[in-house]
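Novice: Numbering (the working numbering), first residue to last: 30 to 778.
1. Could you tell me if residue 530 is buried or exposed, where buried requires 16 or more neighbouring beta carbons within 10 angstroms of its beta carbon?
2. Would DSSP call residue 642 helix, strand or coil?
3. Have a look at the DSSP bridge pairing and note the partners of residue 346.
4. Leaving aside the five residues before and after residue 535 along the sequence, list all residues of the same chain whose C-beta is less than 7 Å from its C-beta, in chain order.
5. Could you give the first and the last residue of the continuous beta strand (DSSP E) run that contains residue 498?
6. Which residues mark the beginning and the end of the beta strand (DSSP E) in which residue 312 is found?
7. Which same chain residues, not among the five before or five after residue 638, have their C-beta less than 7 Å away from its C-beta?
8. Determine contact between the region 234-251 and the region 105-119, defined as no fewer than three beta-carbon pairs at a distance below 8 Å.
9. Give me the DSSP bridge partner(s) of residue 354.
10. Output the boundary residues of the beta strand (DSSP E) element that contains residue 48.
11. For residue 721, which option in 436, 613 and 665 has the closest C-alpha, if you only look at C-alpha atoms?
12. Are residue 651 and residue 630 closer than 8 Å when you measure CB to CB?
13. Taking the alpha helix (DSSP H) that residue 99 falls in, what are its first and last residues?
14. Select from 516, 569 and 580 the residue whose C-alpha is nearest the C-alpha of residue 591.
15. Using three-state DSSP, classify residue 242 as helix, strand or coil.
16. Straight-line CA distance for residue 305 to residue 318?
17. Tell me which residues share the same chain as residue 643 and place their Cβ nearer than 6 Å to its Cβ, disregarding the 5 neighbours each side in the sequence.
18. Please classify residue 337 as buried or exposed, where buried requires at least 16 neighbouring CB atoms within 10 angstroms.
19. Run through the DSSP bridge pairs and tell me what residue 78 is partnered with.
20. What would DSSP say about residue 3, mapped onto helix, strand or coil?
21. What does the alpha-carbon distance come out to for the pair residue 563 and residue 322?
22. Quick one: what's residue 802 bridged to in DSSP?
23. Exposed or buried, residue 138, counting other C-beta atoms within 10 Å across all chains shown (16 or more means buried)?
24. Residue range of the alpha helix (DSSP H) that residue 627 falls in?
25. Within its chain, find whatever has a CB closer than 7 Å to the CB of residue 499; leave out the 5 residues flanking it on each side and keep chain order.
26. Can you tell which of 601, 108 and 295 has the C-alpha that lies nearest to the C-alpha of residue 486?
27. Below 8 Å, how does it come out for the region 411-422 and the region 716-731: are there three or more Cβ pairs, yes or no?
28. In terms of residues, what are the limits of the alpha helix (DSSP H) holding residue 415?
29. If the criterion is Cβ atoms closer than 8 Å, does the pair residue 284 and residue 299 meet it?
30. Just checking, does the region 739-747 make contact with the region 416-429 on the three C-beta pairs under 8 Å criterion?
31. When the Cα of residue 343 is compared with those of 315, 290 and 316, which residue comes out closest?
32. Under 8 Å Cβ to Cβ from residue 41, same chain only, skipping five residues before and after it: list those, please.
Right, here's the structure in full:
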C-alpha cells in the first residue's frame with residue numbers, strides 16, 4: 030500500500046497518536062445515503078475510522094501510518110464517487126448555483142412544452158417536433174444528476190427517489206420519441222385530444238414530453254431550495270476560521286517580524302499590542318494587561334494577565350503590550366478544537382433524509398414492479414403493446430415524487446420568509462426535525478440573557494461623601510483608560526470632567542492621578558491597601574454583595590480617604606425574564622450554561638427565573654453539557670448562544686439558536702438566528718418551527734397519499750399520462766399553497 034505523497038497539503042494531514050488524520054473533499058454525493066455508503070466503504074479498510082459529512086462534502090478519516098490519501102481516494106472512487114485532497118485556496122463549491130443553472134434552463138424550455146401540450150389552441154403544425162427539440166436538453170442535461178444518481182445506486186443494488194425520477198422521465202421521453210418516429214404522433218397537423226383515461230388504439234398517437242419536463246423542473250426547484258438551505262452548513266467552519274488572527278508579530282533575535290499565522294510554531298515568542306488578537310494559545314512572557322476572552326470563553330469581564338498567565342488564541346488584548354510564548358498552534362488550539370466539534374456535530378444530522386431513503390428503498394422497487402406487471406397484464410389481456418406500454422408509463426409518471434420533493438423545501442421557504450419578517454432567520458430543514466420534541470432549552474448567559482455590554486450598576490458614596498463628586502472623580506480618572514470597565518463609567522457620567530494630570534496605571538490594581546490638583550485613585554482593595562487607606566465597613570459589605578452577584582467593584586479614593594465605590598456589571602437584557610417564563614409555558618425546562626463564575630450565574634438565574642444553572646463551563650464543556658442532556662435519549666435540547674464558545678454546542682443541540690448580535694461563528698453554526706437581541710424571539714422561533722414542521726408533515730402525507738391512490742388508477746388504464754402529468758403538477762400546487770399558509774403565522778404572546 031502507498032503512503033501519503035510528499036505533495037499532500039499539510040492542512041489535510043494531521044498526526045494523532047500512532048495515526049494520521051486525512052481530510053478529503055468528496056464529490057458526487059446526492060443524498061445522505063451516499064455519505065453513509067462511502068463511510069461504510071472506508072471503514073472496511075484495516076485500522077481506518079471515517080466520518081463522511083454530506084452537508085460539507087468532506088470525509089474526516091483517521092488512518093494508520095502505512096495508509097495514504099491515494100488509498101482512500103481509490104476506495105471512494107471504487108464506490109462510484111470521487112475524492113481529492115482539499116485545495117486551501119479553492120473557493121467552496123456552490124451546489125445551489127449549479128442546480129440553479131439547470132433549473133433556469135429547464136424552466137425556460139419546459140413552459141412552452143407544457144403550454145403546447147395542454148392548450149390545443151397553441152398546437153400549431155409541427156408543434157410536437159418543437160416539443161421534442163425543447164424537451165431533449167431538459168431530459169438529458171438538466172436531469173443528468175438524477176440519471177447519474179440512479180446509475181450509481183444501481184451499481185450498488187440500491188434505489189432512491191432519483192431512480193424513480195430517472196425512470197419515469199426517461200420512459201415518458203423515449204416513448205414519446207417512439208410515437209413521433211414510428212407512430213401517428215409525428216404527423217404534421219396532429220393535435221392532442223384531452224382524455225382522462227387511455228384510448229384503446231394502436232397508432233402511437235400521443236406524446237408525453239410535458240410530463241417529463243414538468244417532473245424535472247418541479248424536482249429541480251425543490252432541490253434548489255434545499256441546496257440553498259444546506260450550503261451554509263460549512264459556513265460555521267469558515268466563520269470560525271475568520272475569528273482567529275491572520276498574521277502574527279514574532280520576535281526573531283529581539284527583532285519584531287510580521288509573518289502569516291501558518292508560520293507560527295510552538296515555542297515562538299510573539300507580540301500582542303493593545304487592540305490586537307492573541308495569535309495562538311500561549312503563556313505570557315512579559316507585560317501586563319486585561320485580555321477580553323468573551324469571544325472564546327464567554328467571560329463577561331476582561332481577565333487581568335501577567336507573566337505566567339495563559340492566554341487563548343483569538344482573544345483580544347485591551348490595554349498593555351504583551352509578549353506571549355506559543356504553547357499550541359494550528360489544529361491544536363482551543364479555537365481549532367471548537368471548529369472540530371462543530372464539524373462533528375453537523376455530521377449525519379438529518380433523520381428525515383435517512384427515513385426518505387428507507388421508504389424509497391421499498392417504494393421505488395414496488396412502483397417498478399407494478400409498472401412491469403401493468404404492462405404485462407394488459408398485453409396478456411390482448412390490449413396491444415401501445416396501450417400496455419402507455420399504461421406502464423402512466424404508473425411511472427404518476428408515482429414520480431414531485432410533490433414529495435417540494436413538501437419540505439417549500440414549507441421551509443415559506444416559514445423562513447415569515448421568520449425573517451418576525452426577525453428570525455431559519456437555516457435548513459434540520460432546524461424543524463426536532464423542534465416539536467424540544468423539552469429543554471439551554472442558554473448562554475453573557476450576550477444572551479444579559480446585554481453583553483458593561484454598564485454602571487451602582488454608586489455607593491462613603492459617609493458624607495457626595496455621589497455627584499464621587500462620579501466626577503471616578504469618571505475623570507478613568508477617562509484616560511481604555512479598559513472596558515473604565516469606558517462604562519465614563520459613558521455613565523453626564524457632568525463635566527475635572528482636570529487630570531500625572532495619570533498612571535498600577536498593573537493589577539487600578540489607576541492613580543491628580544484630579545483638579547488633588548491625589549485620587551480608583552481600583553481594587555489591594556490598591557487601597559498599597560495607599561495605606563482603610564475601606565469603611567459599609568463599603569466592604571457593599572463590595573462583597575456586588576461580587577456575589579457577579580459585578581466588578583471599583584473603590585475610589587481622594588486625598589487620604591476612600592470616598593465610595595462604583596460597581597459595573599453586564600445588565601440583564603430586556604424581555605429576558607418574560608422570555609424565560611414563556612419558555613416554561615411552552616413546556617420547556619430552562620438551563621443556563623455559562624463560563625462565568627457560580628455566584629454571577631446564580632444571581633442572573635434568580636433574576637430571570639432559570640430552572641437550572643451550569644456555571645464555570647469551559648468551551649468544550651458546553652458541547653459536553655448539551656450531549657449529556659441528550660445522552661439518555663429522553664431530552665431534546667435547544668441551545669441559545671452568541672459566542673464562538675457556543676458554536677459547538679449550537680451545532681450539537683437538536684435546535685441551535687444564535688443571537689444575531691453575536692459572532693459569525695455562532696450564527697453560522699446555528700439552525701435559527703435571532704436578528705435582534707430579544708430573547709422573546711427565541712420563543713417565537715420555537716412556535717414557528719413547530720408550525721412549519723406540522724405543515725411539512727401535512728405536505729408529505731397528502732403528497733404520498735396522492736401517489737399511492739393514483740398508482741392503481743393508472744395501472745387499471747384509467748389515467749392518461751398527459752393527465753398524470755397534469756395531476757402531478759396540481760399536487761405540487763397543493764403542496765405549495767399549503768406551505769404559503771405559513772405567511773399568516775402569528776406567535777402567541
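Beta carbons are placed, not taken as given, at the ideal position from N, Cα and C, and that holds for glycine.
Specialist: Reading from the atomic positions:
1. Under this definition residue 530 is an exposed residue.
2. Note: residue 642 maps to strand in three-state DSSP.
3. In the DSSP output, where bridge partners are listed per residue, residue 346 has 320.
4. If you ignore the 5 residues before and after residue 535, its C-beta comes within less than 7 Å of the C-beta of 541, 552 and 556, all in its own chain and listed in chain order.
5. Looking at the DSSP string, residue 498 is not in any beta strand (DSSP E); the run it does join, the alpha helix (DSSP H), is 496-507.
6. 310-315 is the span of the beta strand (DSSP E), which, as asked, contains residue 312.
7. So the list reads 606, 609 and 610, once near-sequence residues are dropped.
8. These segments do not touch.
9. 298 and 312.
10. From DSSP, the beta strand (DSSP E) with residue 48 extends over 48-56.
11. Looking from the CA of residue 721, the closest CA among 436, 613 and 665 belongs to 436.
12. Their beta carbons are not under 8 Å apart, which means residue 651 does not touch residue 630 by this criterion.
13. According to the DSSP assignment, residue 99 belongs to the alpha helix (DSSP H) that extends over 98-107.
14. Distances from the alpha-carbon of residue 591 to those of 516, 569 and 580 put 569 closest.
15. Reduced to three states, the DSSP call for residue 242 is helix.
16. Straight-line spacing of the CA atoms in residue 305 and residue 318 works out to 12 Å.
17. 622 and 654, listed in sequence order.
18. With a 10 Å radius around the Cβ and a threshold of 16 neighbouring Cβ atoms, residue 337 comes out exposed.
19. 91, per the DSSP bridge assignment.
20. Nothing can be reported for residue 3: it is not among the residues displayed for the chain, which extend from 30 to 778.
21. Our two residues, residue 563 and residue 322, have alpha carbons roughly 33 Å apart in a direct line.
22. There is no way to answer for residue 802, as the model of the chain reaches only from 30 to 778.
23. Residue environment for residue 138: buried (at least 16 other C-beta atoms within 10 angstroms of its C-beta).
24. In this chain, the alpha helix (DSSP H) harbouring residue 627 covers 627-637.
25. Here the set comprises 488, 490, 585, 592 and 593.
26. In terms of Cα proximity to residue 486, the closest of 601, 108 and 295 is 601.
27. Output reads no: the region 716-731 does not touch the region 411-422.
28. Run containing residue 415: 414-428, per the alpha helix (DSSP H) assignment.
29. It is not a contact, given that the beta carbons lie outside the stated cut-off.
30. Enough Cβ pairs lie closer than 8 Å, so yes.
31. Looking only at 315, 290 and 316, the smallest Cα-Cα distance to residue 343 is reached by 290.
32. In this prediction, residue 41 has a pLDDT of 42, which is less than 50 and means its spatial position is unreliable; nothing more can be read from the coordinates.
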